[in-house]
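Peer 1:
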Amino acid sequence: MKFVKVLAAVAFAVALSASLALAADKKLEGTIKDGSCCDKAKKAGKECAHKCCVEAAKDGKVCAKCNPEKK
Ligand SMILES: [Zn+2]
Ligand SMILES: [Zn+2]
Numbered sequence: 100m101k102f103v104k105v106l107a108a109v110a111f112a113v114a115l116s117a118s119l120a121l122a123a124d125k126k127l128e129g130t131i132k133d134g135s136c137c138d139k140a141k142k143a144g145k146e147c148a149h150k151c152c153v154e155a156a157k158d159g160k161v162c163a164k165c166n167p168e169k170k
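The sequence shown lines up with residues 100 to 170 when you count with this note's numbering.
Set out below in structure tokens:
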């Protein structure tokens, strides 16, 4: 039953690296719209200082007020 053990170990390693990759890539929910205050701040290597954007970032989101989703 060695093969099963190896398979389980490989599956575990894959799951672990996938979760690590997700954790490393800490993306905010939503999309930053081109030309928005957040986009300008991002391009300047900063975080947007707008109060609404800071509050949204705390919740792990992109400010929906300044970056409205296209529908
Ligand atoms: Zn902003
Ligand atoms: Zn905002």
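Every residue, glycine too, gets a C-beta built ideally from N, C-alpha and C.
Flag Ala140 as yes when its Cβ comes closer than 7 Å to any non-hydrogen atom of ligand 1, and as no otherwise.
Peer 2: yes
Peer 1: Taking only the alpha-carbon atoms, compute the straight-line gap between Pro167 and Ala108 and give it to the nearest angstrom.
Peer 2: 44 Å
Peer 1: Mind reading off the beta-carbon distance from Glu146 to Ala140? Whole number of angstroms is fine, and I expect it under 8 Å.
Peer 2: 6 Å
Peer 1: Assign Val113 to buried or exposed, taking buried as 16 or more other Cβ atoms, counted over all protein chains shown, within 10 Å of its Cβ.
Peer 2: By the neighbour-count rule (16 or more Cβ atoms within 10 Å), Val113 is not buried but exposed.
Peer 1: Less than 8 Å between the CB atoms is what I'm expecting for Lys160 and Gly134, so what's the real figure, rounded?
Peer 2: 19 Å between Cβ atoms; not a contact.
Peer 1: Exposed or buried, what is Cys151 when buried is set at 16 or more other beta-carbons lying within 10 Å of its beta-carbon?
Peer 2: Classification of Cys151: exposed, given that the 10 Å Cβ count is below 16.
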